[in-house]
Amino acid sequence: MNSTPSTVVYVNKVHLDDALPAVNFTLFNAIGLALAGADTHLFVQVWQDYPDGTGWLKKFGFNDPLSLSIHQIPDRRFFGIKSNQWFYLRTFRAIRKLHKSKPVSAVISRDPGALPYLVRLKKRLGIPVFYQPHNFYLDLSLQPDINPKNATKYHRLETTYLPGVDGLLCLQEAQADWYRRYLPDQQVVASRPGLVSHRFSDQDRLKNPLIGYSGSLQLKKGIRVLLQALRLLHDRGRKVPLVLIGGRNSDEIIPVQEEIATLGLTNAVTITGWIPFPEVEAWLDQVTIGVLPLTTGFYNQYLTAPNKLFDYLSHGIPVVASDLPSVRDFFPDGVPGDLVPPDDSHALAAALESLLNNPDQYNFAKDRSRQLALQYHWKNQGAIMLGHLTQLILKKSAHV
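Here the numbering used here is used: position 292 in the sequence shown is 278, and no number is missing along the way.
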């Protein structure tokens, strides 16, 4: 194939109506491919479908028509069994049908469970297939804290089927390097995600400062370190409030509330819970500094591409983040704020205080954040991903 892929399919078993970061990532990735000009088909599960897929786009503020078709596969149980295999069977049957009427240029999935179906599709119909990993299961000894049940299954799937796909679209270079190390004969590229919109404000956010965090409230995401840093700021007389934009359920929220109470910060911290996207945007409009306090650990160091980073950039918000390879990869020309050692509440507090106390430093970081928002818009990242697909397909065909 000598031209950019014209019809691209993206598959994810996620339920679009679940409160998960994967929902945003999946929908935004599909939107990015569509914005870049591909006729894009997104296959996902739903608990309750909209009359048509445009309802999902409107939930995220998209009212303009896109070359994006959202194929909603209702969650079903057959023979009393709940399994994602039903989703994959129905989805790949639909892809084969689509291919007969409109040749499919490429199929992408982030699901390890989809790998057997991808390889089978490639063998039967010759459609190029790609895996977009969101973890790393080739060597489970690197993540001793990972869920052993799913990890063992995913290890088998990646080990068995990754040699049979046309390439891997990793989230950033740190992750790509690990796959290259274990799969030296496979094509691996870093095809970074992005953001779908930006809304910059000229208001003086230093006047009424608000520290912000968006996303999952799992303690491994660094919430405890952030709260400890806030306590340090308050002890120094900098009684800035904090909003935690997220919290999927009580299992996440209650431990954080207990930590907040222990630190005596009950009146200083707001937890929004998992709220609709327009409400997330409204909170981000008020945030002065966005925090990405990832702790150490293999996943955070090498595998993640946090949605929250793009939340902050989309509003031109300066960022204070943990200094990890996975994070540095997105800032080759300098961070729009500061990088601090992970798990270090004192360093985090100092970085926050420095930005809050120095308008010139803050405004420089704000301008840099806006520049990165324009750079990482999904229209650009979608075009880059389509370019990667073209290159990988051409290289693969040259070796056949």
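Ideal Cβ placement from N, Cα and C applies to all residues, glycine included.
- Our two residues, residue 97 and residue 6, have alpha carbons roughly 15 Å apart in a direct line.
- Between the stretch 203 to 218 and the stretch 235 to 245 there are three or more inter-stretch CB-CB distances shorter than 8 Å, so the stretches are counted as touching.
- Excluding its 5 nearest sequence neighbours in each direction, residue 384 has no C-beta neighbour in its own chain below 6 Å.
- Judged by DSSP secondary structure, residue 256 falls within the beta strand (DSSP E) whose first and last residues are 255 to 257.
- Excluding the 5 residues flanking it on each side, residue 140 has same chain C-beta neighbours closer than 7 Å at 98, 123, in chain order.
- DSSP places residue 15 inside the alpha helix (DSSP H), whose first and last residues are 7 to 21.
- Residue 303 and residue 146 have their C-alpha atoms roughly 43 Å apart.
- Residue 363 places its beta carbon 9 Å or farther from that of residue 185.
- In this structure, residue 306 sits near residue 276, with a CB-CB distance shorter than 9 Å.
- Contact annotation: residue 341 and residue 319 have beta-carbon atoms that are not nearer than 9 Å.
- Just measuring C-alpha positions, the residue of 330, 289, 327 sitting nearest residue 315 is 289.
- Distances from the alpha-carbon of residue 45 to those of 264, 249, 313 put 264 closest.
- Within a 10 Å sphere around the beta-carbon of residue 294 sit 16 or more other beta-carbons, which makes this residue buried.
- Inclusion of residue 298 and residue 200 in the CB contact set at 9 Å is warranted, their separation being smaller than that value.
- Annotation: the continuous beta strand (DSSP E) that includes residue -1 extends over -7 to 1.
- Relative to the Cα of residue 94, the nearest Cα in the group 135, 109, 154 belongs to 154.
- Within the stretch 107 to 177, the complete alpha helix (DSSP H) segments at least 4 residues long are 134 to 147, 159 to 168, listed from N- to C-terminus.
- Taking C-alpha positions only, residue 252 is separated from residue 228 by approximately 10 Å.
- Residue nearest to residue 3 within the set -4, -5, 12 is 12 (criterion: CA-CA distance).
- Judged by DSSP in its simplified three-state form, residue 287 adopts helix.
- In this structure, residue 90 sits away from residue -10, with a CB-CB distance that is not shorter than 9 Å.
- Beta-bridge analysis with DSSP links residue 26 to -6, 54.
- Beta-bridge partners assigned by DSSP to residue 198: 229, 276.
- For residue 191, the number of other beta carbons within 10 angstroms of its own is at least 16, and it is reported as buried.
- Of the candidates 352, 69, 327, 78, 327 places its Cα closest to the Cα of residue 279.
- Straight through space, the alpha carbons of residue 116 and residue 380 are spaced by roughly 14 Å.
- With fewer than 16 other Cβ atoms from the protein chains shown falling within 10 Å of its own Cβ, residue 360 counts as exposed.
- Annotated three-state conformation of residue 292 is coil, per DSSP.
- With a 10 Å radius around the Cβ and a threshold of 16 neighbouring Cβ atoms, residue 27 comes out buried.
- Only residues of its own chain outside the window of five on either side were considered, and among them 20 have a CB closer than 6 Å to the CB of residue 52, listed in chain order.
- Residue pairing by DSSP puts residue 94 in a beta bridge opposite -4, 116.
- The beta-bridge partner set that DSSP reports for residue 307 consists of 278, 325.
- The closest CA to that of residue 172, considering only 336, 144, 49, is found on 144.
- Taking every protein chain shown into account, the CB of residue 164 has 16 or more other CB atoms within 10 angstroms, so this residue is buried.
- Taken through DSSP and simplified to helix, strand or coil, residue 182 comes out as coil.
- In the structure shown, the three-state DSSP call for residue 357 is helix.
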